[in-house]
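S.K.: In order, the protein sequence lines correspond to chains L and W.
Everything in the first sequence is counted per the numbering used here, starting at 4 for the first residue and increasing by one.
Everything in the second sequence is counted per the numbering used here, starting at 4 for the first residue and increasing by one.
Protein chains: 2
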Amino acid sequence: MFITLEGIEGSGKTTLVQSVVSHCHGIGRDCIATREPGGTPIGEKIRSILLDPRHSAMDPIAEMLLYMADRVQHIRQIIQPALREGKVVVCDRYVDATIVYQGVARGLKPETVIGLHNSLLGGLWPDITLLLDLPPRQGLQRAWRQIDDGERGSEESRFEKETMDFHSKIREGYLARAMAEPNRFRVVNAALPQQEVEAEVVRMVSEALPPDP
Amino acid sequence: MFITLEGIEGSGKTTLVQSVVSHCHGIGRDCIATREPGGTPIGEKIRSILLDPRHSAMDPIAEMLLYMADRVQHIRQIIQPALREGKVVVCDRYVDATIVYQGVARGLKPETVIGLHNSLLGGLWPDITLLLDLPPRQGLQRAWRQIDDGERGSEESRFEKETMDFHSKIREGYLARAMAEPNRFRVVNAALPQQEVEAEVVRMVSEALPPDP
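Take a look at the structure:
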C-alpha cells in the first residue's frame, strides 16, 4: 500500500504523515514515513539544491530533472523495497507535486512529466493520494507562522517566495489532478480545524487499507 | 562555434581545453572555457553529488537525470548566451559523455540519452567534438599520477574507481560515436607526447573555425 500526501505549502502534510503512520502502527501495520525531495542520502543533497532560495536562476527543466533524479533514487532505494516487504509507505509529496509545480505552474505540461514518469521512472503510482486542499493565502500564512515560531526551517523559501498567482495555479493544478483521477485521489478540506482534518485523513486511510496480508 | 572535448579519465581534456582557448585568444577570437558537470553555481553542486565516491548506491537513471539537469542549466545560463554573443565555447565533456557513460556503459541505451537531449534539452549539439583517444590503462595511470602529485582533486574517484572493463566500454563507446558522426568528431591519438597532441588539437580547431564574423 503506497499512500502519498499532496498540497500547497502550509497545508499540513508533514504533521498528517505522522498521523497516518501512528494510525497504521496502532492497528499493527508495518509502516514507513518518507518524503520528497529527500528520503535518501543522495536525495537530501538534491533537496538542498532544489530548495535553496539563492537558486533563483534555476531553469524549469533542470528543476524537473532534479525532482525526477531524487524520485528514481527514492523509488529504487526506499519505496520499492518497503512495498516488497509488505509495508505501508506514506510519502510527503510524490509525482503529482512535479506534475503540478513543474508541469502546470512552470508551464512544462503535465503530459511531459507523466510521460517521463512512466517511461523513465518505471511508472510507480500511489494507491491513494490525499490532497490537502485549502486557499493558498491560508496555507502560506501557516507556513510563515511556523517559520516565525521556529517549527519550520526557512530553507523551503524558494517556493514560498513565489507569487500568490503561482500558489493559486498549484492549488488549481492539484484539484484538476483529483478530477482526472478520482479513484486514486481523496480531497480533504485542510482549512478545517487540525483535529477534524486528522480524523478525516485517518478515516480515509482506514477505508482504503486492504486487510493485513 | 561550439567545441567539445571528450575522452576517458586521464586523456588530457582539461589541459587541452586551455590550449584551445589560448589558440583562440591568440588569433583574436572571443572564447570561453567551461565544463560539465559544473559550469554554473547550481551545476557545481550537482557535480559534487555526481562525483562523490560515497555515492556508490546511485541509480543509473538518477545519475543520467542529474547530468541532464546540470546540462540544461549550463546550456541556458552559459553556452547559449555565449554563442549568441558570437563567442567560441570550449566545453570539457558534454552530451556524448552521457551517451557513452550512462547510455553505453551503464546500459541505459544511447537512443534514450539522445532522445531526451533532443526532446527535453532543446537538441543543442556541438559543431565539432575532439575525441582524445587512448587505452584506458594509460589514461587511468595518468589520472592516478596527477592525484598523487596533487594536480587533480581526488573528488573524481567515483568513476575512477570503476573496473577496467567499464573504462574499456567507455573507450569503445566513444569510438562508436565518432564512427556514427564522422562530420562532427575528430579523433586525436592522445597516447602521443603531450606537445604533439596539443599541436594536433590546435590544427583541427584552426581548420574548423569559420572566419571571424
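Every residue, glycine too, gets a C-beta built ideally from N, C-alpha and C.
Starting from I6/W, follow its DSSP beta bridges and name the residues at the other end.
M.R.: Position 3 of the second sequence, counting from 1, holds the residue named residue 6/W. Bridge partners of I6/W: V93/W, I131/W.
S.K.: Can T7/W be considered in contact with the ligand SAH, in the sense that its beta carbon sits closer than 7 angstroms to one or more heavy atoms?
M.R.: For the ligand SAH, the structure offers nothing, since it holds no ligand at all.
S.K.: Taking three-plus beta-carbon pairs below 8 angstroms as touching, is the segment 68-83 of chain W in contact with the segment 177-190 of chain W?
M.R.: Because the criterion of three Cβ pairs below 8 angstroms is not met, the segment 68-83 of chain W and the segment 177-190 of chain W do not touch.
S.K.: Shortest alpha-carbon distance to L212/L belongs to which of A72/L, T37/L, I131/L?
M.R.: Counting from 1 along the first sequence, the entry for residue 212/L is found at position 209. Minimum Cα distance to L212/L is reached at I131/L.
S.K.: Check whether the segment 118-134 of chain L and the segment 4-19 of chain L are in contact - that is, three or more C-beta pairs closer than 8 angstroms.
M.R.: Flag = yes, the segment 118-134 of chain L and the segment 4-19 of chain L touch.
S.K.: If you measure from the beta carbon of L123/W to each beta carbon in chain L, is any gap under 8 angstroms?
M.R.: Taking the first residue of the second sequence as position 1, residue 123/W is located at position 120. So yes, L123/W belongs to the interface.
S.K.: Indicate whether at least one CB of chain W lies closer than 8 angstroms to the CB of H28/L.
M.R.: Position 25 of the first sequence, counted from the start, is the residue given in the question as residue 28/L. For H28/L, the answer is no, since every Cβ of chain W falls outside 8 angstroms of its Cβ.
S.K.: Are the beta-carbon atoms belonging to R74/W and D215/W less than 8 angstroms from one another?
M.R.: Here residue 74/W is taken as the residue at index 71 of the second sequence, counted from 1. Here residue 215/W is taken as the residue at index 212 of the second sequence, counted from 1. Contact flag unset, no.
S.K.: Is it right to say G29/W is buried, meaning 16 or more other beta carbons lie within 10 angstroms of its own, or is it exposed?
M.R.: The count along the second sequence starts at 1 and reaches residue 29/W at position 26. Flag for G29/W reads exposed.
S.K.: Output the boundary residues of the beta strand (DSSP E) element that contains A36/L.
M.R.: Looking up residue 36/L in the first sequence gives position 33. From DSSP, the beta strand (DSSP E) with A36/L extends over 34-38.
S.K.: From the DSSP output, in three-state form, read off D151/L for me.
M.R.: What you label residue 151/L is simply residue 148 of the first sequence in a count that begins at 1. It is helical.
S.K.: Do L69/L and I49/L have their C-beta atoms closer together than 8 angstroms?
M.R.: Position 66 of the first sequence, counted from the first residue, corresponds to residue 69/L. Position 46 of the first sequence, counted from the first residue, corresponds to residue 49/L. Yes. Within cutoff.
S.K.: Using a C-beta to C-beta distance shorter than 7 angstroms, which residues of chain W count as neighbours of R79/L?
M.R.: Translated into positions along the first sequence, residue 79/L becomes position 76. In chain order: D62.
S.K.: Quick check on the DSSP output: what are the complete beta strand (DSSP E) runs of length 3 or more inside the segment 177-211 of chain W, in order along the chain?
M.R.: Here the runs fully enclosed are 188-192.
S.K.: Quick check: is the beta carbon of K48/W nearer than 8 angstroms to any beta carbon in chain L?
M.R.: Indexing the second sequence from 1 puts residue 48/W at position 45. Output row for K48/W: interface = yes.
S.K.: Got a sec, what are the start and stop residues for the alpha helix (DSSP H) Q83/L sits in?
M.R.: Taking the first residue of the first sequence as position 1, residue 83/L is located at position 80. Unbroken alpha helix (DSSP H) run through Q83/L: 83-87.
S.K.: Counting pairs of beta carbons, one from the segment 86-93 of chain W and one from the segment 103-110 of chain W, are three or more of them closer than 8 angstroms?
M.R.: Segments in contact, no.
S.K.: Whose C-beta lies closer than 7 angstroms to the C-beta of P40/L among residues of the same chain, with five residues either side of it excluded?
M.R.: The residue labelled residue 40/L in the question sits at position 37 within the first sequence. Excluding residues within five positions, the ones whose Cβ falls inside 7 angstroms are G46, I49, R50, L53, Y70, D73.
S.K.: Would DSSP call D62/W helix, strand or coil?
M.R.: For the purposes of this step, residue 62/W is taken as the residue at position 59 of the second sequence. In the structure shown, D62/W sits in coil (DSSP, three-state: anything other than H, G, I, E or B).
S.K.: If I'm right that D99/L touches T17/L with Cβ under 8 angstroms, what's the distance once you round it to whole angstroms?
M.R.: Taking the first sequence and counting its residues from 1, the one referred to as residue 99/L is at position 96. Taking the first sequence and counting its residues from 1, the one referred to as residue 17/L is at position 14. Going by Cβ atoms, the distance from D99/L to T17/L rounds to 16 angstroms, so no, they are not a contact pair.
S.K.: Who are the neighbours of V75/W on chain L, taking C-beta pairs under 8 angstroms?
M.R.: For this step, residue 75/W is matched to residue 72 along the second sequence. What V75/W touches in chain L: D62, I64, A65, L68.
S.K.: Given that H217/L touches chain W, what residues does it touch there, using C-beta distances under 8 angstroms?
M.R.: Not covered by the structure: residue 217/L. The range shown for chain L is 4 to 216.
S.K.: Once you ignore the five residues that flank V191/L on each side, which residues in its own chain have a CB closer than 8 angstroms to its CB?
M.R.: Reading the first sequence from its first residue, position 188 is the one you call residue 191/L. So the qualifying residues of the chain are L133, L134, L135, D136, V200, E203, V204, M207.
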